[in-house]
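Undergrad: One structure coming up, written as structure tokens, with questions to follow.
In the UniProt record's numbering, the protein residues as written are 1 to 453.
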């Protein structure tokens, strides 16, 4: 064989090999438009993708080349799509104002093109105005190459996306207008005077007064678990009455890919009488953890594997503010269909605590502390630099105030987590410390104390 012919054959084999290993190109066209939908029995204008509410599932394999053309048919709005959790070039991230991406103008098309470099459960949504709330969101699932399970434990017979979301009869624009009028506009489950009386009976008047005073100072409500109420909660775009159903055969293992695509709702997810094994969180594999229930925050994803034994199971995702459920069904396909689901009973309404706010509200230990600070003139109260000081002053009864003996006391009060020490706003306070009789004010001998206040 001649040398020239050998070179030709080698080049041919090289070209064939490179073609053989070339990544598959997976293409989608997504058309964003405003159409009438009927989710709650009332026709409303909402955003659809390819005529669907919610947007369609996009599926890829790791290593694919993704080509996604997005056509904006909205009349008066720019749009965009952000690929939540994906590793991709910045210009492809889909957030207007980031890496010179300015959004997709009306009647324009933008082509997203990127290498799929990971696997797992993700989702996509708009980053323009309140379009996500109005329907522009969908699931984005990436399977391992050739759909080979990462581990033997993850091998399943069925694979379903469970997309949780919240639907409101008001548009996102109207919701924002209402919240700007009043931050508590949607707080329609507020505490009453009877709740206060119950707290007094349980905790005592003093503790109740202190607790309520702190909440009033923060201008917050204990019932403010979610900023917006009045939602209908959906599972894969269906209401509980429409009952999304995933079928299985006896003896099969089922993977459920939970995605919280809500605008702002957290859910507590459970399947009564069926143990779930969590195998992935936010697209990343985790050591399998068996659970009866888990909480999923906005934008989070969890993959669980179940092994159903009964003919029928109900998937229940309860909103954290206890105002409703997203409900669906797992059904053994040879069994009679369930005609009507049974709406679960809501758990008691939850209330926020000072611990949730990062503060300890147990102020009962501050006994015998003289709170009349009106005589402390001229004191600079920005105490944030006084590190490490023990603030339980209840034990300072009869204390000899000759402070010259307080060696090595570390006064850094920044350790009082969550408490705002900047007391400069206490206008009108008389700070004359000269009235603190018996107290030796020569603090120069307090070794270790940081005096720069």
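Even for Gly, the Cβ is constructed at its ideal location relative to N, Cα and C.
1. Using a threshold of 7 Å, state whether the C-beta atoms of residue 84 and residue 122 are closer than that.
2. Measuring straight from C-alpha to C-alpha, what distance separates residue 116 and residue 67?
3. With 16 as the cutoff for other CB atoms within 10 Å, does residue 262 come out buried or exposed?
4. Between which two residues does the alpha helix (DSSP H) carrying residue 173 extend?
5. Using alpha carbons as the reference points, say which of 160, 359, 133 lies closest to residue 170.
6. Once DSSP output is grouped into helix, strand and coil, what is the label at residue 198?
7. Please name the residue or residues paired with residue 235 in a DSSP beta bridge.
8. Taking all protein chains shown into account, do 16 or more other C-beta atoms lie within 10 angstroms of the C-beta of residue 276, making it buried, or fewer, making it exposed?
9. Look at the alpha carbon of residue 419 and the alpha carbon of residue 322, and state the distance between them as a whole number of angstroms.
10. Tell me, which residues are paired with residue 46 by DSSP?
11. Residues in its own chain within less than 8 Å of residue 200 by CB, not counting five upstream and five downstream?
12. Tell me the residue span of the beta strand (DSSP E) that contains residue 285.
13. Please return the same chain residues whose Cβ sits closer than 7 Å to the Cβ of residue 472, not counting the five positions on each side in sequence.
14. Can you name, in chain order, every residue of its own chain whose Cβ lies under 7 Å from the Cβ of residue 177, other than the five neighbours on each side?
15. What is the rounded straight-line gap between the Cα of residue 217 and the Cα of residue 211?
16. Take residue 273 and list the residues in its own chain whose beta-carbon comes closer than 8 Å to its own, dropping the five residues that flank it on each side.
17. With a cut-off of 8 Å on the beta carbons, I'd call residue 168 and residue 230 a contact; round off their distance for me.
18. Look at the alpha carbon of residue 79 and the alpha carbon of residue 126, and state the distance between them as a whole number of angstroms.
19. Could I get the ranges of all uninterrupted beta strand (DSSP E) runs contained in the segment 302-363, with 3 residues as the minimum, in chain order?
20. Mind checking whether residue 343 and residue 298 have CB atoms under 7 Å apart?
21. To the nearest angstrom, how far is it from the Cα of residue 260 to the Cα of residue 160?
22. Less than 7 Å between the beta carbons of residue 104 and residue 72, yes or no?
23. If you pair each beta-carbon of the segment 283-303 with each one of the segment 329-336, do three or more pairs fall below 8 Å?
24. Would residue 120 be called buried (16 or more neighbouring beta carbons within 10 Å of its own) or exposed?
25. Nearest-angstrom Cα distance between residue 456 and residue 53?
26. For residue 228 and residue 47, what's the separation of their Cα atoms in angstroms?
27. With DSSP as the reference, label residue 280 as helix, strand or coil.
28. How about residue 270 and residue 156: do their beta carbons lie closer than 7 Å?
TA: In terms of the structure at hand:
1. Numbered from its first residue, the chain shown carries residue 84 at position 84. Numbered from its first residue, the chain shown carries residue 122 at position 122. Note that the C-beta distance between residue 84 and residue 122 is below 7 Å.
2. As a first step, residue 116 is located in the chain shown; it is residue number 116 there, counting from the start. As a first step, residue 67 is located in the chain shown; it is residue number 67 there, counting from the start. Rounded to whole angstroms, residue 116 to residue 67 spans 10 Å at the Cα level.
3. Against the chain shown, residue 262 aligns to sequence position 262. Buried, because 16 or more other Cβ atoms sit within 10 Å of the Cβ of residue 262.
4. By one-based count along the chain shown, residue 173 stands at place 173. Boundaries of the alpha helix (DSSP H) harbouring residue 173: 172-181, taken from the DSSP string.
5. Against the chain shown, residue 170 aligns to sequence position 170. Residue 170 has its Cα closest to that of 133, out of 160, 359, 133.
6. Numbered from its first residue, the chain shown carries residue 198 at position 198. Taken through DSSP and simplified to helix, strand or coil, residue 198 comes out as helix.
7. The residue you call residue 235 lines up with position 235 of the chain shown. Per the DSSP secondary-structure output, residue 235 pairs in a beta bridge with 164, 238.
8. The residue given as residue 276 occupies position 276 in the chain shown. If you draw a 10 Å sphere on the C-beta of residue 276, you find 16 or more other C-beta atoms in it, and that means buried.
9. Residue mapping note: residue 419 aligns to position 419 of the chain shown, counting from 1. Residue mapping note: residue 322 aligns to position 322 of the chain shown, counting from 1. Because the pLDDT at residue 419 is just 41, under 50, the model does not fix this residue reliably, and the value given afterwards should be weighed accordingly. In a straight line, the C-alpha of residue 419 is about 30 Å away from that of residue 322.
10. Mapped onto the chain shown, residue 46 falls at position 46. BP columns for residue 46 point to 35.
11. Your numbering for residue 200 matches position 200 in the chain shown. Here the set comprises 208.
12. Looking up residue 285 in the chain shown gives position 285. Where residue 285 is concerned, the enclosing beta strand (DSSP E) stretches over 284-291.
13. Because the chain here runs from 1 to 453, residue 472 falls outside it and cannot be looked at.
14. Mapped onto the chain shown, residue 177 falls at position 177. Counting only Cβ-Cβ distances below 7 Å, and skipping sequence neighbours, we find nothing.
15. Counting from 1 along the chain shown, the entry for residue 217 is found at position 217. Counting from 1 along the chain shown, the entry for residue 211 is found at position 211. Using only the alpha carbons, I get a separation of about 10 Å.
16. Residue numbering aside, residue 273 sits at position 273 when the chain shown is read from its first letter. For residue 273, where only same-chain residues beyond five positions count, the Cβ hits under 8 Å are 310, 313.
17. Looking up residue 168 in the chain shown gives position 168. Looking up residue 230 in the chain shown gives position 230. So it is a contact: roughly 6 Å between Cβ atoms.
18. The sequence position of residue 79 within the chain shown is 79, counting from 1. The sequence position of residue 126 within the chain shown is 126, counting from 1. Their backbone Cα atoms lie some 7 Å apart in a straight line.
19. The segment 302-363 contains these whole beta strand (DSSP E) runs: 312-319, 325-332.
20. Locating residue 343 in the chain shown gives position 343, where the first residue counts as 1. Locating residue 298 in the chain shown gives position 298, where the first residue counts as 1. In this structure, residue 298 does not lie closer than 7 Å to residue 343 by Cβ.
21. The residue labelled residue 260 in the question sits at position 260 within the chain shown. The residue labelled residue 160 in the question sits at position 160 within the chain shown. When the Cα atoms are used, residue 260 and residue 160 turn out to be separated by approximately 14 Å.
22. As a position in the chain shown, residue 104 is number 104, starting the count at 1. As a position in the chain shown, residue 72 is number 72, starting the count at 1. Their beta carbons are under 7 Å apart, which means residue 104 touches residue 72 by this criterion.
23. The segment 283-303 is not in contact with the segment 329-336.
24. Against the chain shown, residue 120 aligns to sequence position 120. Flag for residue 120 reads buried.
25. Here the chain has residues from 1 to 453 only, and residue 456 is not among them.
26. Within the chain shown, residue 228 is the residue found at index 228, counting from 1. Within the chain shown, residue 47 is the residue found at index 47, counting from 1. Between the alpha carbons of residue 228 and residue 47 lies a distance of about 20 Å.
27. In the chain shown, the residue the question calls residue 280 occupies position 280. In the structure shown, residue 280 falls within a strand segment according to DSSP collapsed to helix, strand and coil.
28. Taking the first residue of the chain shown as position 1, residue 270 is located at position 270. Taking the first residue of the chain shown as position 1, residue 156 is located at position 156. No, the Cβ-Cβ distance between residue 270 and residue 156 is not below 7 Å.
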